[in-house]
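Visitor:
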Amino acid sequence: MDSGLSKEALAHLEVIAQVTIHLRFLGYQATSSKNSSLFSLFKRSNFLDSQLVADLMDAIHNTPAQISQPFCSTEEYIKLYYRSFDQKYPNSISLETIFKNYTGE
Numbered sequence: 000m001d002s003g004l005s006k007e008a009l010a011h012l013e014v015i016a017q018v019t020i021h022l023r024f025l026g027y028q029a030t031s032s033k034n035s036s037l038f039s040l041f042k043r044s045n046f047l048d049s050q051l052v053a054d055l056m057d058a059i060h061n062t063p064a065q066i067s068q069p070f071c072s073t074e075e076y077i078k079l080y081y082r083s084f085d086q087k088y089p090n091s092i093s094l095e096t097i098f099k100n101y102t103g104e
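Under numbering that gives the first Met the number 0, the sequence shown has 104 at position 105, and the numbering climbs by one with no breaks.
(1) Can you give me the C-alpha to C-alpha distance between Q50 and M56, rounded to a whole angstrom?
(2) Take every Cβ of the region 7-22, pair it with every Cβ of the region 54-70, and state whether three or more of those distances are shorter than 8 Å.
(3) Would you kindly report the start and end of the unbroken alpha helix (DSSP H) that includes T96?
(4) Using the Cα positions of L94 and F70, report the straight-line distance between them to the nearest angstrom.
(5) Distance check for E104 and F98, CA to CA, integer angstroms please.
(6) What does a CB cutoff of less than 8 Å around S2 pick up in its chain, not counting 5 residues either side in sequence?
(7) Kindly list the residues whose CB is nearer than 8 Å to the CB of L79, restricted to its own chain and excluding five residues on each side of it in sequence; keep chain order.
(8) Tell me which residue opens and which closes the alpha helix (DSSP H) that Y88 is part of.
Written out as structure tokens, the structure is:
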């Protein structure tokens, strides 16, 4: 079934989906540890880093607007949001990689 969305729009949606899954996984890790506080201090262990969560959400919160009414070029959007996150968190999920590797399958 054809959604009518461009490959770029679908790639943006894939980024949102993967971020959601990643955060859900991190949330489950944090709540399964002895400390059940979701936003406890985090040093790349079983605790969820609230700054990481905020930065991930900051990286994707404008994506629906970019899909529906683009406010900048795709490359500029990737640079401003996805690449900025990736550079700040090189050992985490890579938003730019998800976007650029989207195949539509």
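We put the CB at the ideal spot given by N, CA and C, even for glycine.
Note that the coordinates shown come from a computational prediction; the quantities given were computed from them, not determined experimentally.
Guide: Inspection of the coordinates gives the following:
(1) Within the sequence shown, residue 50 is the residue found at index 51, counting from 1. Within the sequence shown, residue 56 is the residue found at index 57, counting from 1. Looking at the two C-alpha atoms, the distance is approximately 10 Å.
(2) yes
(3) As a working mapping, residue 96 is identified with position 97 in the sequence shown. Run containing T96: 94-100, per the alpha helix (DSSP H) assignment.
(4) Counted from its first residue, the sequence shown places residue 94 at position 95. Counted from its first residue, the sequence shown places residue 70 at position 71. Cα-Cα distance, rounded: 19 Å.
(5) Against the sequence shown, residue 98 aligns to sequence position 99. Against the sequence shown, residue 104 aligns to sequence position 105. Each residue's Cα considered, the two are about 13 Å apart.
(6) If you number the sequence shown from 1, residue 2 lands on position 3. Cβ neighbours of S2 beyond the five flanking positions: L9.
(7) The sequence position of residue 79 within the sequence shown is 80, counting from 1. Once the five neighbours on either side are set aside, the close Cβ partners of L79 are C71.
(8) Taking the sequence shown and counting its residues from 1, the one referred to as residue 88 is at position 89. Here Y88 belongs to no alpha helix (DSSP H), and DSSP marks it neither H nor E.
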